[in-house]
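Asker: Note that our numbering has the sequence shown beginning at -14, numbered continuously upward.
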Amino acid sequence: MFDEGAEKRRVVLQIIYIIVLAASAIGDIPSFSADLSRAMKAISLVIVVIAASMLFVSGNMDRIKTGARFVGVYAFILVAIIVWSIFLWIINLETVDFIMRGTMKFMYQFLVLLIMFAGTYMFGERAVHTTFYGLALANTIIMIMNIARYGPAESLNSILAMFQGAEAQQGFARSMEIHDITFTYGFFIIYFLFFAQHNKERIFDIFVAVFYFILGWKRIAMAALPVTIFLALVMGRMRTKSRVRLMQLLAWILVAVAFTYVVATRTGIFEEFTTKYGINTMGRTDLYKYIEKYYTISLGFIGYGFEYTTVILQRTIESNPEAHISALALHNNILTLYIEMGFIGFWAWMAYTWIFQLRWMLNHWGEKVAMLFFFSELYIFITYMTDNTMYYFYTSLVLRLMPMAYAFHEKTQQDIRLWPWVRAQKSLQSG
């Protein structure tokens, strides 16, 4: 139990965390350059410095141990990817500039781990809320700036046109398509619906998260979230043993689906499917054709290393000026992972993420932590099929923060209302 002074300090720290994270996230305004956005993300180092100061002054060993275990599991796969990439870069005689660019991008993923550790060390499960408020504050500031730029009437008309099925967002609606931050609201909606305490704050949080999720209008996210929520509702009515078995079975199925998706893309089945059903891939199938010669579906395909797909696309533009390539990214993280990590690296990443991490969550932190991990991964995994969300800064932060913060959950009388609500109530009454 915190005394009054400690509680005031904690509130002040939360406010500082929210402001610093918001200042960092404002850098995701679409009109900002990539270099400026990356530079503003470095502002979040202030959070790490504050947490480090607290750690040295009054170290809480229990929180350090819990946070360190999660960071270790998350960091292992990142270290494995960078080590494998370095090996591939060396044998492929890549330039120093390219290697430095790939390494620097990975450094931001390690910054993500530090911020997560800092947030959960300072606030425990409350880190979910402070992170949410920081990103929502940034989104609010960006929205106000865009309304001032386009005017209230034009902004409203732009949103109405988007809702009415305009082929592409324009004006205000386009400016509010803040890719990275928008995807994070899916995680928050899952948490607030099924894992957060049932109070007035939760209702407000759901409203804000849904509002900005819709305003961001990421179509793949809007398809992924209902699928995840439906599965959560179904699993909430299952017995614990059946639920755990289903999660483990689905994990294996999703690994197989990912590889099948790569095969379908390489063999043209994906294009045939989208053509048959009139699905607008926004030029993605053309993009996939340009890179076919760079990879094969075979055990001997070792990949090119992290970030190499950008080199492939650059070379394609240089060799084929008529190529319909508007961005140096595949907008398909599953295929990108296969091309960059190779056959074995692809299967290793998928198995580690879905099989090992799920089992680790179940064995060390229990069913609910594992379920929050599973639903968060499922939601973002679906977006990998048509987007580049795997290494987005704030998306990665919230994805990994969710189960880590929930591992600090302290049981209260309100737990009877936590999802899955029916099973939780029966078990408490029987106990």
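Quick reminder that beta carbons are idealized off the backbone N, C-alpha and C, glycines included. Note that the structure is a prediction, hence the values are computed from the model and not measured.
Between which two residues does the alpha helix (DSSP H) carrying E303 extend?
Answerer: Y293 to S304
Asker: Kindly indicate the opening and closing residues of the alpha helix (DSSP H) around A355.
Answerer: E352 to T368
Asker: Judging by CA-CA distance, which residue of L30, I67 and A133 is the nearest neighbour of L322?
Answerer: I67
Asker: Just tell me which of S22, S43, F102 and L21 has its CA closest to the CA of A60.
Answerer: F102
Asker: Just verifying my parser: in three-state terms, what is the DSSP assignment at F317?
Answerer: For the sequence presented, residue 317 should be read as Asn rather than Phe. If DSSP states are grouped into helix, strand and coil, N317 belongs with coil.
Asker: Go ahead and label K50 buried or exposed: buried means 16 or more other beta carbons lie within 10 angstroms of its beta carbon, across all protein chains shown.
Answerer: exposed
Asker: To the nearest angstrom, how far is it from the Cα of M130 to the Cα of E(-8)?
Answerer: 34 Å
Asker: Beta-carbon separation of I100 and S29 under 8 Å?
Answerer: yes
Asker: DSSP on T371, reduced to helix/strand/coil?
Answerer: coil
Asker: Go ahead and label I297 buried or exposed: buried means 16 or more other beta carbons lie within 10 angstroms of its beta carbon, across all protein chains shown.
Answerer: buried
Asker: Would you identify the three-state DSSP class for I0, choosing helix, strand or coil?
Answerer: In the structure shown, I0 falls within a helical segment according to DSSP collapsed to helix, strand and coil.
Asker: May I have the straight-line CA-CA distance separating L178 from E303, to the nearest angstrom?
Answerer: 48 Å
Asker: Shortest alpha-carbon distance to F360 belongs to which of A158, N77 and T338?
Answerer: T338
Asker: What do you reckon, are the CB atoms on G327 and G263 nearer than 8 Å?
Answerer: Using a Cβ distance threshold of 8 Å, G327 and G263 do not count as a contacting pair.
Asker: At a cut of 8 Å, does the segment 377 to 384 reach the segment 147 to 166 through at least three beta carbon pairs?
Answerer: yes
Asker: Going by alpha carbons, who is nearest to T368 out of Q342, R385 and N318?
Answerer: N318
Asker: What span of residues does the alpha helix (DSSP H) with E139 cover, start to end?
Answerer: P137 to F148
Asker: Using 8 Å as the cut-off, can you tell me whether the segment -7 to 6 makes contact with the segment 106 to 118, which would need three or more C-beta pairs spanning the two stretches below that distance?
Answerer: yes
Asker: Check whether the segment 342 to 360 and the segment 214 to 227 are in contact - that is, three or more C-beta pairs closer than 8 Å.
Answerer: Yes, the segment 342 to 360 is in contact with the segment 214 to 227.
Asker: Pull up the distance between the alpha-carbon of I205 and that of T169, whole angstroms please.
Answerer: 13 Å
Asker: What residue does the alpha helix (DSSP H) around H164 start on, and which one ends it?
Answerer: Taken as a continuous stretch (DSSP letters only), the alpha helix (DSSP H) holding H164 covers H164 to F179.
Asker: On the DSSP letters alone, give me the boundaries of the alpha helix (DSSP H) that T213 sits inside.
Answerer: R204 to M220
Asker: Tell me which residues share the same chain as T374 and place their Cβ nearer than 7 Å to its Cβ, disregarding the 5 neighbours each side in the sequence.
Answerer: F168, N318, I365, T368 and T380
Asker: Could you check how far apart the C-beta atoms of G150 and E139 are, in whole angstroms? I think they sit under 8 Å.
Answerer: Going by Cβ atoms, the distance from G150 to E139 rounds to 19 Å, so no, they are not a contact pair.
Asker: Here's the rule: buried if 16 or more other CB atoms are within 10 angstroms of the residue's CB, otherwise exposed. What is T80?
Answerer: exposed
Asker: Taking one C-beta from the segment 185 to 198 and one from the segment 220 to 238 each time, how about it: are there three or more such pairs within less than 8 Å?
Answerer: Counting C-beta pairs closer than 8 Å gives fewer than three between the segment 185 to 198 and the segment 220 to 238, which falls short of the contact rule.
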